[in-house]
Every structure is written in C-alpha cells, then in structure tokens.
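See below for the structure under consideration.
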Amino acid sequence: MKRNDKPEGRGCLRTLGIMLLTVIISVAATTWLITAYLFPKNFEPVELSKKEESVLASKLRDIGITGLMTKSAKQTKNSEQNVGILTPEKYAEDPKKRNISLSEKELNALLAKNTDLANKLAIDLAEDFASAKLIIPLDPDFPLFGGKTLKVSAGMELAYQAERPIVILKGVSVWGVPIPNAWLGNLKNVDLVKEFGGNEGFWKSFADGIENIQVKEEHLIIKLKE
C-alpha cells in the first residue's frame with residue numbers, strides 16, 4: 009500500500025501545482041489587461057518635423073493665424089508682444105482665408121502645441137469620417153476608479169451633400185463598451201444638422217456658415233461662406 013501512496017501523492021501535488029500556476033497566470037493576465045486597457049497611459053503627442061512645421065505655419069499664416077507653432081517661451085512672449093503693436097489699415101477680406109486645409113498629423117500637432125489635451129486626445133480622419141479617442145483623468149474621490157483614467161472613443165460621419173453639411177454621430181464607447189443609443193439621447197445615426205438645423209441655434213448657424221466640408225483619408229478641408 010505504501011508503494012501506491014507515493015505516486016498518488018506526487019500526482020496530487022502535480023495537479024495542485026498546475027492549478028496554482030494557472031491561477032497566477034490568470035491573475036497576472038487580468039491585472040495587465042485592466043491596467044493596459046481600462047486604465048491606459050496618456051497618448052504620445054504628435055510632433056512635426058521642421059519641414060512639416062514650416063508647411064503648417066504657412067497654412068496658418070494664410071488664414072491670418074500666427075504664433076501657434078512657436079516652441080520656446082521666449083518666442084511665444086515675443087509673439088504676444090507683437091500682437092499688441094497695431095498698425096492702422098483699411099479693413100479687407102481675403103477669400104483665401106476662408107479655405108482651411110489640414111492633415112490629420114497637423115491637426116493633432118496643433119492640439120498638442122496649443123491645448124492641455126496633448127497627451128489626452130487623438131483624432132483620426134478617414135473618408136467622410138472622423139474618430140476621436142479621449143483620456144479623462146478621474147477625480148481621486150471618484151467611487152471605485154478614483155485617480156484612474158477614463159478612456160472614451162467616438163466616431164462621427166462628416167460630409168457635405170445637397171448644399172449643406174452632414175454631421176452624424178455614429179457612436180460613443182467607454183473603455184471599449186458601446187454606449188446604448190438611449191443613453192445618448194437617441195442621437196446615434198442621426199444627422200444633427202438636419203434634426204436641429206431648422207431652428208435658430210448652434211446647428212443652424214454652423215450649417216449656414218459652411219460652404220463645403222470634406223473629410224478624406226488623413227485630411228480635413230473646410231471652406232467658409234462669406
């Protein structure tokens with residue numbers, strides 16, 4: 009009987025070891041997934057090369073915007089001081105300044121340079137479609153997830169048809185979980201301009217001021233009306 013007990017004992021120990029190893033691997037994998045997916049780190053801000061910065065600065069100057077791409081505090085200060093020096097001149101409108109054309113990289117670089125969203129917001133441009141990923145730090149006193157980060161993503165169809173802009177919310181997800189349409193006020197797959205542009209307000213004013221809008225692969229083109 010003693011000879012038979014040893015193999016059985018070893019078999020039990022082996023089974024127990026496998027179970028413990030499985031539990032450890034499962035816990036480690038779950039912890040990694042929660043940390044990496046539910047509580048992601050900040051995005052890497054988009055940086056342009058010197059040539060790309062020069063091209064973007066030229067585009068901004070064409071529409072009357074200067075100083076947004078300055079790097080140093082000294083340059084920014086000088087730019088702010090120069091803004092205060094005004095020269096009398098006759099008012100005139102340049103039709104070229106109504107045309108706004110930005111690449112996806114330029115748009116994200118502008119956000120990184122001039123807002124506090126550099127590490128928290130990333131925009132993707134595709135054919136007639138714009139997507140955004142946003143990381144929101146939660147208050148330390150927030151229940152359960154205090155001090156962590158909330159990951160939100162959203163998609164929107166953007167186009168111009170029948171002489172008016174089209175803005176359709178395609179969906180919003182939190183931590184990868186799609187938000188029910190009812191929680192979004194039943195606005196999913198609704199043309200916001202068509203739905204709300206008939207009355208005075210933001211959407212009517214927005215639509216009335218847009219002559220054309222095109223979202224292409226990694227590119228945004230907007231033309232404003234007079």
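Just so we're aligned, residue 9 is where the sequence shown starts under the numbering used here, counting upward by one.
Think of the CB as a built atom: it goes at the ideal place given N, C-alpha and C, for glycine as much as any other residue.
Close-in-space but distant-in-sequence residues of the same chain around residue i (CB under 6 Å, 5 per side omitted)
{"i": "Leu-110", "result": "Leu-228"}
{"i": "Ser-161", "result": "Lys-141 and Ser-181"}
{"i": "Thr-5", "result": "Examination of residue 5 is not possible in this model, given that the chain is present from 9 through 234 alone."}
{"i": "His-212", "result": "Residue identity check: residue 212 is Lys in the sequence provided, not His. If we look at Lys-212 and ignore the five residues flanking it on each side, its Cβ neighbours are Gly-205."}
Sequence-distant residues of the same chain with beta carbon closer than 8 Å to residue i, five excluded per side
{"i": "Lys-113", "result": "Val-54, Leu-56, Glu-60 and Glu-226"}
{"i": "Lys-233", "result": "Arg-106, Asp-216, Gly-217, Ile-218 and Glu-219"}
{"i": "Tyr-99", "result": "none"}
{"i": "Glu-135", "result": "Val-223, Lys-224 and Glu-225"}
{"i": "Ser-80", "result": "Because the pLDDT of Ser-80 is 42, which lies under 50, any placement of that residue in the model is unreliable, and the question is left without a value."}
Environment of residue i [buried if 16+ CB atoms lie within 10 Å]
{"i": "Pro-103", "result": "exposed"}
{"i": "Pro-173", "result": "buried"}
{"i": "Asn-207", "result": "exposed"}
{"i": "Ile-144", "result": "exposed"}
{"i": "Leu-94", "result": "exposed"}
{"i": "Asn-116", "result": "buried"}
{"i": "Gly-184", "result": "exposed"}
{"i": "Ala-120", "result": "buried"}
{"i": "Gly-209", "result": "exposed"}
{"i": "Val-223", "result": "buried"}
{"i": "Ser-87", "result": "Confidence at Ser-87 is low in this model, with a pLDDT of 48, below 50, so the placement of that residue should be treated as unreliable; the coordinate-derived value is given next. Classification for Ser-87: exposed."}
Element boundaries [alpha helix (DSSP H), containing residue i]
{"i": "Glu-203", "result": "200-204"}
{"i": "Lys-212", "result": "210-216"}
Of the listed residues the options, nearest to residue i (C-alpha basis)
{"i": "Ser-139", "options": "Leu-166, Phe-214, Thr-123 and Asn-127", "result": "Leu-166"}
{"i": "Leu-200", "options": "Tyr-99, Asp-132, Ala-190 and Met-164", "result": "Met-164"}
{"i": "Ile-218", "options": "Gly-209, Thr-123, Ile-230 and Phe-210", "result": "Ile-230"}
{"i": "Val-198", "options": "Val-175, Ala-170, Ala-65 and Lys-224", "result": "Val-175"}
{"i": "Leu-146", "options": "Glu-135, Lys-224 and Lys-159", "result": "Lys-159"}
{"i": "Trp-191", "options": "Gly-179, Gly-184, Pro-96 and Asp-132", "result": "Gly-179"}
{"i": "Glu-171", "options": "Asn-194, Lys-202 and Val-185", "result": "Lys-202"}
{"i": "Gly-193", "options": "Gly-205, Leu-177 and Val-185", "result": "Leu-177"}
{"i": "Ile-221", "options": "Lys-212, Tyr-168 and Ile-187", "result": "Tyr-168"}
{"i": "Leu-64", "options": "Glu-97, Glu-101 and Leu-118", "result": "Leu-118"}
Endpoints, the beta strand (DSSP E) within which residue i is located
{"i": "Leu-56", "result": "Note, Leu-56: premise wrong, no beta strand (DSSP E); not H, not E."}
{"i": "Arg-172", "result": "172-182"}
{"i": "Pro-145", "result": "137-145"}
{"i": "Glu-8", "result": "This structure cannot speak to residue 8, because the chain is shown only from 9 to 234."}
{"i": "Ala-130", "result": "129-134"}
{"i": "Ile-229", "result": "227-232"}
{"i": "Ile-108", "result": "107-111"}
Contacts around residue i, its chain only, beta-carbon distance under 7 Å, and the 5 residues preceding and following it disregarded
{"i": "Asn-189", "result": "Lys-196"}
{"i": "Thr-39", "result": "Summary for Thr-39: the model assigns pLDDT 46, below 50, so the residue's position carries little reliability; its value from the coordinates is reported in the next sentence. Closer than 7 Å at the Cβ level, and outside the excluded window around Thr-39, lies no residue."}
{"i": "Asp-70", "result": "Lys-104 and Lys-105"}
{"i": "Pro-186", "result": "Gly-179"}
Any non-hydrogen atom of the ligand FAD closer than 8 Å to residue i Cβ
{"i": "Trp-183", "result": "With respect to the ligand FAD, the structure shown offers nothing to examine, as it has no ligands at all."}
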